[in-house]
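The structure appears below as structure tokens.
2 protein chains.
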Amino acid sequence: MTAPTHRPGAGESGAAHEGIITMTITTDHTDTNGVDVATLFATLDAVKGQPEIATFQFRATNTWIGGTHSRSEFSGFYGATQEMQHAQRTAVDSDHPDVLVGRDHGPTPVEYLLHGIAACLTAGLANIAAARGVRLHKVSSFVEGDIDLLGIFGLSDGSVRNGYQQIKVTLHVEGDADDETLRSLVEQSRRRSAVYDVLTNPTPVVIDVVTG
Amino acid sequence: MTAPTHRPGAGESGAAHEGIITMTITTDHTDTNGVDVATLFATLDAVKGQPEIATFQFRATNTWIGGTHSRSEFSGFYGATQEMQHAQRTAVDSDHPDVLVGRDHGPTPVEYLLHGIAACLTAGLANIAAARGVRLHKVSSFVEGDIDLLGIFGLSDGSVRNGYQQIKVTLHVEGDADDETLRSLVEQSRRRSAVYDVLTNPTPVVIDVVTG
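Here the protein sequences line up with chains A and B, keeping their order. Offset between the first sequence (1-based) and my numbering: plus 5. Offset between the second sequence (1-based) and my numbering: plus 5.
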């Protein structure tokens with residue numbers, strides 16, 4: 006998830022939005038890359054006027070089904086000073102493949118991290134390109150995560166980590182701009198990416214266990 | 006994704022599996038928690054005999070659909086010295102919600118990270134409990150990720166990070182064991198979790214851009 010860096014003067018509507026508690030101002034603006042640029046800038050403007058509306062909490066509820074198979078559901082989240090709901094409830098399954106003694110009812114948990122980084126960079130790229138007036142034609146990415154399972158198996162001498170040793174994203178982008186400009190859009194998306202930050206920097210994870 | 010720490014003597018079948026190139030030895034063993042424990046130990050044994058079969062690469066292919074909406078597919082991966090395929094191809098969508106100027110065609114990229122940690126801890130818990138002979142009745146978790154979007158909006162003075170400030174997992178577990186034992190199973194799952202490691206420690210992410 007990434008938003009463009011705000012550029013003062015580019016489509017702003019001034020102080021009119023201060024004090025609103027929803028971040029989206031619905032308008033009929035034409036879009037670039039499927040992004041309503043005027044609303045995007047108005048939203049950034051609203052956040053500048055009322056920074057507390059930028060406080061969000063995302064959530065997932067996971068249920069064990071059996072073996073290494075579990076399912077998460079996403080529906081509600083908190084943001085813009087209120088409880089909110091996604092347009093639809095989404096459920097996703099994870100399991101381990103047969104070769105790792107699972108039943109392969111879905112991608113492994115670590116594979117979802119690869120989706121996260123690709124989707125975050127791509128969303129940011131579309132927003133940033135739209136904000137800069139660059140029409141994109143095509144964006145795709147192939148993500149590879151290298152992992153040595155000696156770590157999670159507890160079979161290393163401690164030198165092998167549990168998680169990915171490296172994640173590589175190969176991102177293809179085509180649009181109405183030269184090579185240098187397209188690369189700078191991707192770079193700005195990386196600089197502002199929430200998932201890139203979580204993967205490349207330590208994030209505190211607290212685990213609260215309730216038994217019985 | 007988590008596997009139990011190998012405990013020598015607990016169900017091992019010795020050196021018979023050395024040299025095999027698939028990690029799963031199909032058997033008709035009864036299971037605990039939906040986990041085929043004998044095969045799990047045989048797999049760990051196989052990895053001890055041939056550590057290179059623990060080298061895996063997971064993958065996702067993401068395609069931009071429009072705006073902040075993209076879709077990832079998971080199908081192939083590398084492991085146990087060979088190219089492998091999941092039992093089925095899985096596709097997942099991400100978007101930003103309306104309040105963040107998206108079209109809400111799916112959970113945000115950062116929400117998938119919350120699924121990843123819950124699914125990884127739960128799979129590991131089921132495996133570890135089975136390996137230790139503890140039957141679980143019920144496991145569920147609620148994951149909350151706190152994020153201040155001033156970071157990705159580029160509206161902070163640099164003090165607000167782009168990603169989650171904290172992720173909290175509230176994990177409920179019920180099973181045929183006392184409170185202390187159940188907690189120790191969760192703790193061992195945390196210690197061996199691939200996703201926990203990726204989130205709490207830095208993971209290198211390389212982005213290779215191809216234009217035109």
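In this text, a Cβ means the ideal position worked out from N, Cα and C, and glycines have one as well. Here the structure is a predicted model, which means the values were calculated and not measured.
Inter-stretch contact (C-beta, 8 Å, three-pair minimum) for the region 68–80 of chain B and the region 35–47 of chain B: no
Closest Cα partner of B/Leu154 within the set B/Ser164, B/Val148, B/Phe147, B/Ser146: Walking along the second sequence from the start, residue 154 of chain B turns up at place 149. Of B/Ser164, B/Val148, B/Phe147, B/Ser146, the residue nearest in Cα terms is B/Ser164.
Exposure label - A/Ile26; buried when at least 16 CB within 10 Å: For the purposes of this step, residue 26 of chain A is identified with residue 21 of the first sequence, where counting begins at 1. Model confidence at A/Ile26 stands at a pLDDT of 44, short of 50, so the residue's coordinates are unreliable and nothing is read from them.
Beta carbon of A/Leu176 nearer than 8 Å to that of B/Val214: In the first sequence, counting from the first residue as 1, residue 176 of chain A sits at position 171. In the second sequence, counting from the first residue as 1, residue 214 of chain B sits at position 209. Yes. Within cutoff.
Cβ pair A/Asp202, A/Gln171 closer than 8 Å: Within the first sequence, residue 202 of chain A is the residue found at index 197, counting from 1. Within the first sequence, residue 171 of chain A is the residue found at index 166, counting from 1. No.
Spatial distance of A/Ser80 from A/Gly39 (CA atoms): Within the first sequence, the letter at position 75 stands for residue 80 of chain A. Within the first sequence, the letter at position 34 stands for residue 39 of chain A. Cα to Cα, A/Ser80 sits roughly 24 Å from A/Gly39.
Run of the beta strand (DSSP E) containing A/Asn38, from where it starts to where it stops: Reading the first sequence from its first residue, position 33 is the one you call residue 38 of chain A. Taken as a continuous stretch (DSSP letters only), A/Asn38 belongs to no beta strand (DSSP E), as it is neither H nor E.
The alpha helix (DSSP H) enclosing A/His101, as first and last residue numbers: Within the first sequence, numbered from 1, the residue matching residue 101 of chain A stands at position 96. Run containing A/His101: none; DSSP gives neither H nor E here.
is_contact[A/Arg140, chain B] using C-beta, thresh 8 Å: Translated into the one-based positions of the first sequence, residue 140 of chain A becomes position 135. Closer than 8 Å: no.
Residues in the region 112–142 of chain A having any Cβ partner in chain B nearer than 9 Å: Pro112, Thr113, Pro114, Val115, Glu116, Tyr117, Leu118, Leu119, His120, Gly121, Ile122, Ala123, Ala124, Cys125, Leu126, Thr127, Ala128, Gly129, Leu130, Ala131, Asn132, Ala135, Leu141
Which listed residue (B/Leu190, B/Gly156, B/His101, B/Gly107) has its alpha carbon closest to that of B/Leu141: In the second sequence, the residue the question calls residue 141 of chain B occupies position 136. Selected option, being the one with the closest Cα: B/Leu190.
DSSP state of B/Thr205 mapped onto helix, strand, coil: Looking up residue 205 of chain B in the second sequence gives position 200. The answer is helix: DSSP assigns B/Thr205 an H, G or I state.
Sheet register partners of B/Lys143 (DSSP bridge): Taking the second sequence and counting its residues from 1, the one referred to as residue 143 of chain B is at position 138. B/Lys143 is bridged to B/Glu179.
Residue-chain proximity (A/Asp162, chain E), Cβ-Cβ < 8 Å: In the structure shown, chain E cannot be found, because the protein chains are A and B.
Straight-line Cα distance separating B/Leu130 from A/Arg3: Residue numbering for chain A in the displayed model covers 6 to 217; residue 3 of chain A lies beyond these limits and cannot be assessed.
Buried or exposed (CB count within 10 angstroms, at least 16 for buried), A/Ala92: Indexing the first sequence from 1 puts residue 92 of chain A at position 87. When all chains shown are included, A/Ala92 counts as exposed.
Burial state of A/Thr90 (16 or more Cβ within 10 Å): Stepping through the first sequence from its first residue, residue 90 of chain A is reached at position 85. Here residue 90 of chain A is Gln; the residue named in the question, Thr, does not match the sequence. With fewer than 16 Cβ atoms within 10 Å of its Cβ, A/Gln90 is classed as exposed.
Reference B/Glu179, options A/Asp184, A/Glu88, A/Gly217, A/Leu187, closest by Cα: The residue labelled residue 179 of chain B in the question sits at position 174 within the second sequence. For the residues A/Asp184, A/Glu88, A/Gly217, A/Leu187, the minimum Cα distance to B/Glu179 belongs to A/Gly217.
Close beta carbons around A/Gly121, own chain, < 7 Å, minus the five adjacent residues each side: To locate residue 121 of chain A, count along the first sequence from 1; it is residue 116. Once the five neighbours on either side are set aside, the close Cβ partners of A/Gly121 are Val200.
Nonlocal neighbours in the same chain, by C-beta distance under 6 Å from A/Lys143, ignoring five residues either side: Counting from 1 along the first sequence, the entry for residue 143 of chain A is found at position 138. Cβ neighbours of A/Lys143 beyond the five flanking positions: Glu179.
Continuous beta strand (DSSP E) stretch holding A/Thr216: start and end: Along the first sequence, one-based indexing puts residue 216 of chain A at 211. It spans 210–216 - the beta strand (DSSP E) in which A/Thr216 sits, taken as one unbroken run.
Neighbour-count burial assignment, A/Val211, 16 or more Cβ in a 10 Å radius: Position 206 of the first sequence holds residue 211 of chain A. A/Val211 is exposed by the Cβ-count criterion.
Residue of B/Pro207, B/Arg64, B/Ser99 minimising C-alpha distance to B/Gly116: Position 111 of the second sequence, counted from the first residue, corresponds to residue 116 of chain B. The amino acid at residue 116 of chain B is misidentified as Gly; the sequence shows Glu. Looking at the Cα atoms, B/Ser99 is the closest of the given residues.
As assigned by DSSP and simplified to three states, the class of B/Ala85: If you number the second sequence from 1, residue 85 of chain B lands on position 80. Correct three-state label for B/Ala85: coil.
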